[in-house]
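Line order of the protein sequences matches chains A, B, C and D.
Residue 67 in my numbering is what sits at position 27 of the first sequence, and the numbering runs on without skipping anything.
Residue 210 in my numbering is what sits at position 170 of the second sequence, and the numbering runs on without skipping anything.
Residue 48 in my numbering is what sits at position 8 of the third sequence, and the numbering runs on without skipping anything.
Residue 333 in my numbering is what sits at position 293 of the fourth sequence, and the numbering runs on without skipping anything.
Okay, so here's the structure we're looking at.
There are 4 protein chains.
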Amino acid sequence: MVSHIGLVGLGKMGNNMRARLRQGGIEVTGYDPRPEVTDVPTLAALVEALPPGRRVVWVMVPAGEPTRGVLAELRTVLTSGDIVVEGGNSHYVEDQERAAELAESGVGYVDVGVSGGVWGLENGYGLMAGGSDDDIAALMPVFDALRPAGPREEGFVHAGPVGAGHFAKMVHNGIEYGLMQSYAEGYELLAAKGLITDVHGTFKAWQRGTVVRSWLLDLMVRALEDDPQLAKLDDWVEDSGEGRWTVDEAIEAAVPLPVISAALFARFASRQEASPAMKAVAALRQQFGGHAVKSAP
Amino acid sequence: MVSHIGLVGLGKMGNNMRARLRQGGIEVTGYDPRPEVTDVPTLAALVEALPPGRRVVWVMVPAGEPTRGVLAELRTVLTSGDIVVEGGNSHYVEDQERAAELAESGVGYVDVGVSGGVWGLENGYGLMAGGSDDDIAALMPVFDALRPAGPREEGFVHAGPVGAGHFAKMVHNGIEYGLMQSYAEGYELLAAKGLITDVHGTFKAWQRGTVVRSWLLDLMVRALEDDPQLAKLDDWVEDSGEGRWTVDEAIEAAVPLPVISAALFARFASRQEASPAMKAVAALRQQFGGHAVKSAP
Amino acid sequence: MVSHIGLVGLGKMGNNMRARLRQGGIEVTGYDPRPEVTDVPTLAALVEALPPGRRVVWVMVPAGEPTRGVLAELRTVLTSGDIVVEGGNSHYVEDQERAAELAESGVGYVDVGVSGGVWGLENGYGLMAGGSDDDIAALMPVFDALRPAGPREEGFVHAGPVGAGHFAKMVHNGIEYGLMQSYAEGYELLAAKGLITDVHGTFKAWQRGTVVRSWLLDLMVRALEDDPQLAKLDDWVEDSGEGRWTVDEAIEAAVPLPVISAALFARFASRQEASPAMKAVAALRQQFGGHAVKSAP
Amino acid sequence: MVSHIGLVGLGKMGNNMRARLRQGGIEVTGYDPRPEVTDVPTLAALVEALPPGRRVVWVMVPAGEPTRGVLAELRTVLTSGDIVVEGGNSHYVEDQERAAELAESGVGYVDVGVSGGVWGLENGYGLMAGGSDDDIAALMPVFDALRPAGPREEGFVHAGPVGAGHFAKMVHNGIEYGLMQSYAEGYELLAAKGLITDVHGTFKAWQRGTVVRSWLLDLMVRALEDDPQLAKLDDWVEDSGEGRWTVDEAIEAAVPLPVISAALFARFASRQEASPAMKAVAALRQQFGGHAVKSAP
């Protein structure tokens, strides 16, 4: 059973996870290129610091190039029996590819979707893991330290073989897009109607007894507490890759996804200075009806 | 058979219709509050100018209060056997109510959806009529003058009883919303991809042989001819009541309308300075993840 | 302060509410046409049973005709200073109309949106109230008995004047449609991909640490526990009026509602034996391309 | 200038195109594995039959493996200066890859999106081409024979470099999905309301003067002429890859595509025996409210 791991990437997430792992009795050697946060000077030093036998390196760096770079370097220093845990937001197909490469040298691969954001340090992280039964079993002390208190199966799942963890996390994030947009549309409609004199209070009153109560609702209440009209924020919303991947997967599997895709498209639209499509609709209306249009500013 | 009608409302539509009716051999007495365009000084004078027997007054003023006002006044001057034609964009339920009122004095009522915009004078107008067989039969010379050349049934339909004409026109406009948004989304995607070096030319090449050829496509080509990047226009799109009514009707009839409703919502969004809903999504993301957001400008 | 109320309607909701009110120390005289559940034989008897002064009758019967009928009868027996509480799912505009009628005889009106379903007896009900400050203040002991334990403002809100309670509940239900559809789409995608070997376990693992944790998620886990493939259920989903009203209101207010409307339309579609729209698309494809279509069975 | 080409693939499309090319004065040697339609016994024989100099082979076989197979074989028999035209529905990225391979032997590559369906023989085909200026110029006699009569630029476009032809065709098809769904939703709503007594006649009356007139509308009228209630058809609609690719591309480019994606998802849903998502919604409703659900049949 694993009691000491290496952790690569000590950003917002990694740093909190190191703290929670240590609180949970797991020894952690962390590596990050930033000298002020790292425990060891190099990735190689991190691997050397781990106890011999089954060495475990948990990678917690941005998806894409950064993750690929770290995994490529680990491939040169790890040996048969070691395990890499990819805890970032890699696409599940990349997991399958990386796992196959590492398997050539006998190195195991486990992908873990980690949810909980900045609150995870305090609440624990929801974990979805993909990998072999053996590798997962070896890592259970680590997962137990990270996951929330309570029954293990309410905070951790071995969702399937390599890739299943990130696939589950991808769908989790797609659902999250839909949930957030649902609350947001409701907020806009409540606020649009003068009839409701206390929009913040209405959201607040939904927290305990109603069908829509949730953690996101609690956060909505916090946000409205600080800023009841959301006047301090711009209506500009980034999207992570996972919302896009969710819709891509659904299209490949011929699964209708009207709500999650609408939530994704609303984010795209939120970032446009001007919508080329709506310019085209305006142009058509001008052509056929001499309808009122506005000139570009 | 009717050969001389009164026409109330000589705006953009009414004026062109008067011209086309006269070209088609129908005598028209027009009334409009603006002295420079009217043929007679008052609505009462218009009714007096019509030949006795079955007098026909075609109303072509904005839906809502203006139409209601004219119809109320007509109710006081028309008598049994006369026919009112409501050619504006009234809701079909209003038609049914007005028709019932006029029927008390024996005045007939026909509602006509008129499509064709500013091009109708030249091309003829697509007409959808609701009313009794007798009233419609009496009006056929008028409809024949307004509709496009070609087989009557390709430019005119007696769609059903009172209300059916405007119901059909309402659905026509709902479809129109969907068609316009379809071209507009395609335009945005073509223009977003650097690969296409001639977006205007691509639309132009669709005009004759392709599955998507249509009159709206022809208008899109004209619009891009004037302004290949649509740089002169703002992305601000008004919606007439009829798109809204279409979705309302679908909801009442439990008919799924994903495309037409999406086109309607895109117009609502196009007119927002900032989206309260997307501010709410930004607020939620800030709460749970410390994600990047933008402050309001 | 009110300590004894009349409750009209002892169905699934009313019956549970009576029980919770009594547990909370409120005396309740219930009326229902079914002799086996009612406390008094008639509505008039119920009113007589209430202590003189400010009599309170809470109405908990189906929206529409049933509610209108009870309110009309109450109008004949209540007198100045009494209060009617409409706790069903009336449209907020009906509330405003009924309140105006009752105000003519000095009877107060409070509309309350009640959320919590069959779980409310145990957990308490989320309450959103509309009405005057005085009427609401008088009813606070009743609200306190019904709402969940914990801070009052997390289970109750005075959302605004008459109508605001049901408006808030309507939006609550619209949000609920979006939330449910979000989880449902995620479920379908998880289940469609063979990669996930434990779909139920994946939902279960989201219950404690993740961003998507919620009461609806907990219910989803329960449902999958009983029936991991949902094999016992048909894909037929009713919609209450409130989802429709939410979209109608948004359309009137020009608020884009892509997600909530998509969730509503998905329910409409779920109840269709065959989709006329998709027959039309099949017909078009057959016309232009000789594409494969299926004949009706 | 090219006056004699090879044409690989004599299915529904290829066969008609051979006929139209010959009518337009282009000599065509066709190859197809089916002896009853082919002009030559093998692909090699087809290449040999072409006049020396710049040989042109137009490939018109299903996208994916079939097209890849033919292109691989052509790569072994064509030589520098020859041109391959890919007229099927390849993904534009595949075009770019194939073009790069062929360029190694000096063989040119032009991708052409061809629209018009079974009507193209009579009406001509709308053509969107991607490739070098030289290759396109050499092929103009071929394009002129295939495209509809009228100005060249209304039936043909050189949309950009290799890939641009199929990219334009992909977007064309995405638009087509939206247009078809728009008419289909309108059809369903018209038919749902008893008020309209002549749904077929209503569509027919839109053909000449209205804003929604189009070729697809004409086809809708034909379909309703044969079968006014569409009673002979099942509501089952296939989707080609191009609708999916359109949405994939939009997601990559962060272009909101609410209407085209909704049209795609409606097709996915049309092919489901039962919707797992709607089963999940039914399950949730059963859990929280004891709402009526239907058991699976």
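All residues carry an ideal CB built from backbone N, CA and C; glycine is no exception.
Against residue i, what residues of chain B qualify as contacts under a CB-to-CB distance less than 8 angstroms, listed in chain order?
| i | result |
| --- | --- |
| residue 291(C) | 284, 287, 288 and 304 |
| residue 262(A) | 327 |
Residue i versus chain A: which residues are under 7 angstroms apart at the beta carbon?
| i | result |
| --- | --- |
| residue 225(B) | 317 |
| residue 96(C) | Result: empty, since nearest Cβ-Cβ is about 21 angstroms, beyond 7 angstroms. |
For residue i, which residues from the same chain have a beta carbon less than 8 angstroms from its beta carbon, with the 5 sequence-adjacent residues on both sides left out?
| i | result |
| --- | --- |
| residue 311(A) | 276, 277 and 278 |
| residue 90(C) | 44, 45, 46, 69, 96 and 97 |
| residue 145(D) | 115, 118, 119 and 120 |
| residue 163(C) | 156 and 188 |
| residue 309(B) | 315 |
| residue 260(B) | 223, 227 and 243 |
| residue 63(D) | 185 |
What does residue i reach in chain B if we use C-beta pairs closer than 7 angstroms?
| i | result |
| --- | --- |
| residue 147(D) | Those within 7 angstroms of residue 147(D) in chain B number zero; the least Cβ separation is about 21 angstroms. |
Please list, in chain order, all residues of the same chain as residue i whose beta carbon is under 7 angstroms from its beta carbon, the five residues on each side excluded.
| i | result |
| --- | --- |
| residue 232(B) | none |
| residue 258(B) | 247 |
| residue 52(A) | 158 |
| residue 141(D) | 115 |
| residue 256(D) | 219, 220 and 223 |
Residues of chain D with CB under 7 angstroms from residue i, in chain order?
| i | result |
| --- | --- |
| residue 295(A) | 308 |
| residue 298(A) | 302 and 305 |
| residue 312(B) | The premise fails here: residue 312(B) is roughly 14 angstroms from chain D at the closest Cβ pair, so nothing lies under 7 angstroms. |
| residue 271(C) | 336 |
Tell me which residue opens and which closes the beta strand (DSSP E) that residue i is part of.
| i | result |
| --- | --- |
| residue 167(B) | 166-170 |
| residue 236(C) | No beta strand (DSSP E) contains residue 236(C), which DSSP labels as neither H nor E. |
| residue 70(B) | 67-71 |
| residue 189(B) | Residue 189(B) -> no beta strand (DSSP E), and no H or E assigned at all. |
| residue 155(D) | 148-155 |
| residue 200(A) | 196-200 |
Going by DSSP, what residue range makes up the alpha helix (DSSP H) through residue i?
| i | result |
| --- | --- |
| residue 341(B) | One cannot answer for residue 341(B) here, as it falls past the ends of chain B, which runs 41 to 337. |
| residue 134(D) | 132-143 |
| residue 86(D) | 83-89 |
| residue 46(B) | From DSSP, residue 46(B) is part of no alpha helix (DSSP H) but of the beta strand (DSSP E) over 44-48. |
| residue 246(A) | Looking at the DSSP string, residue 246(A) is not in any alpha helix (DSSP H), and its letter there is neither H nor E. |
| residue 285(A) | 281-292 |
List the residues of chain D whose Cβ lies closer than 8 angstroms to the Cβ of residue i, in chain order.
| i | result |
| --- | --- |
| residue 233(B) | 207, 289 and 293 |
| residue 328(A) | 251 |
Among the residues of its own chain, which have a CB less than 6 angstroms from the CB of residue i, if the five just before and after it don't count?
| i | result |
| --- | --- |
| residue 303(C) | 217, 218 and 221 |
| residue 139(B) | 149 and 202 |
| residue 192(D) | none |
| residue 346(C) | There is no way to answer for residue 346(C), as the model of chain C reaches only from 41 to 337. |
| residue 110(C) | 48, 99 and 101 |
Using a Cβ cut-off of 9 angstroms, pull out every chain D residue sitting near residue i, in sequence order please.
| i | result |
| --- | --- |
| residue 3(B) | A question about residue 3(B) goes unanswered here, because the residues of chain B that appear run from 41 up to 337. |
What residues from chain B crowd round residue i, counting only those whose CB sits closer than 9 angstroms?
| i | result |
| --- | --- |
| residue 187(A) | Near residue 187(A) there are no residues of chain B at all, since even the closest Cβ is about 18 angstroms away, more than 9 angstroms. |
| residue 274(A) | 314, 318, 319, 322, 333, 334, 335, 336 and 337 |
At 7 angstroms on the CB atoms, spell out the chain C contacts of residue i, in chain order.
| i | result |
| --- | --- |
| residue 220(D) | 321 and 324 |
Taking C-beta pairs closer than 8 angstroms, name the residues in chain C that residue i reaches, listed in chain order.
| i | result |
| --- | --- |
| residue 238(A) | 197, 198, 199 and 200 |
**Q.** Where the stretch 241-260 of chain B meets chain C: residues whose CB sits under 9 angstroms from a CB there
**A.** From the stretch 241-260 of chain B, only 251 have a Cβ closer than 9 angstroms to chain C.
Q. How about the stretch 99-107 of chain D and the stretch 128-147 of chain D: do they share at least three Cβ pairs that are nearer than 8 angstroms?
A. Counting Cβ pairs under 8 angstroms, three or more are found: they touch.
Q) Any chance the stretch 233-245 of chain B sits against the stretch 188-205 of chain B, with 3 or more Cβ pairs inside 8 angstroms? A) Result no; under three Cβ-Cβ pairs closer than 8 angstroms.
(Q) Short of 7 angstroms Cβ to Cβ, which residues in the stretch 157-174 of chain C face chain D? (A) Cβ contacts with chain D: 157, 158 and 159.
Q: Determine, using beta-carbon pairs with one atom in the stretch 313-326 of chain B and one in the stretch 69-83 of chain C, whether at least three such pairs fall under 8 angstroms.
A: Taking 8 angstroms as the limit for Cβ pairs, the verdict is that the stretch 69-83 of chain C does not touch the stretch 313-326 of chain B.
**Q.** chain C contacts made by the stretch 119-146 of chain B, where a contact means CB separation under 9 angstroms
**A.** Within the stretch 119-146 of chain B, no residue qualifies.
Q. With a cut-off of 8 angstroms, do at least 3 Cβ pairs link the stretch 262-271 of chain C to the stretch 283-292 of chain C?
A. Too few Cβ pairs lie closer than 8 angstroms, so no.
Q: Mind checking the stretch 46-72 of chain C against chain A and listing, in chain order, the residues whose C-beta falls within less than 9 angstroms of any C-beta there?
A: From the stretch 46-72 of chain C, no residue has a Cβ closer than 9 angstroms to chain A.
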